[in-house]
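To get the working numbering, take the position in the sequence shown, counting from 1, and add 2.
No residue lacks a Cβ here, since even glycine has one placed at the ideal position from N, Cα and C.
None of the values given here were measured: they were computed from a predicted structure.
Single-structure report; data block below.
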Amino acid sequence: MGDACIESVAFFTEPQLLQSFIDDIKRHYSSIDYIVHTDRISRTLYFYSPEDWPFWHFSDLGYSPYAINAKGESHSISNKPTGKGFHLGFKSTTSPDSVATISDERSNLGLRIRLHHNNGTSAFFGFSDSNSNSYPVLKLQQDPNTVHILLDWIRSKNKLLEIPF
3 MGDACIESVA
13 FFTEPQLLQS
23 FIDDIKRHYS
33 SIDYIVHTDR
43 ISRTLYFYSP
53 EDWPFWHFSD
63 LGYSPYAINA
73 KGESHSISNK
83 PTGKGFHLGF
93 KSTTSPDSVA
103 TISDERSNLG
113 LRIRLHHNNG
123 TSAFFGFSDS
133 NSNSYPVLKL
143 QQDPNTVHIL
153 LDWIRSKNKL
163 LEIPF
């Protein structure tokens, strides 16, 4: 099933579909005031507005997303990157349905596009006793070990509010 998810997400990396996905994410986040990260180890809350998120920033600057597969090749029908922008690159991970990272020219921002099924493979095929259905879900996800890169990027723009607790 993981291979099917990887193959399916390739259709979402076509520039028009990918841009539509990005526009929908921005539309969703435009209604909130702040994104908040909690660091329990340093006991700090980090606040920033959605417009200060690198994902939003590069999109507003006119950078066009495009897919890059694990070999570093553009992953589209035309096999050419569109625009100058932040990259949506395929990568292998321990989770087979994790397929993409977004980065700018200078740093990996650790954003992945994942296509998976919300209640598992068994429910997807109707074999689960506990879940009677499952649907494919496309989501943008921050890799946990890259949150510091995201926060450092926002901090470098003087847009990060840090509150100890």
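Per DSSP, the bridge partner or partners of residue 38: 49
Sort 140, 34, 145, 143 by Cα distance to residue 53 and report the nearest one. 34
On the DSSP bridge assignment, give the partners of residue 138 in chain order. 119
Counting only the same chain and skipping the five closest in sequence on each side, list residues whose C-beta sits under 8 Å from that of residue 150. none
Just reading off the alpha helix (DSSP H) that residue 43 is part of, what are its end residues? Run containing residue 43: none; DSSP gives neither H nor E here.
Alpha-carbon to alpha-carbon, residue 157 and residue 233: Because the chain in this structure spans residues 3 to 167, residue 233 falls outside the shown range and cannot be described.
Integer Cβ distance of residue 113 from residue 142, believed to fall under 8 Å: 6 Å
Which listed residue (51, 28, 130) has its alpha carbon closest to that of residue 62: 28
Classify residue 167: buried if its beta carbon has 16 or more other beta carbons within 10 angstroms, exposed otherwise. exposed
Residue from 47, 144, 140 whose Cα sits closest to the Cα of residue 119: 140
Do residue 121 and residue 168 come within 8 Å of each other at the CB atom, strictly closer than that value? Given a span of 3 to 167 for the chain in the structure shown, any question on residue 168 remains unanswerable.
Taking all protein chains shown into account, do 16 or more other C-beta atoms lie within 10 angstroms of the C-beta of residue 43, making it buried, or fewer, making it exposed? exposed
What do you reckon, are the CB atoms on residue 161 and residue 48 nearer than 8 Å? no
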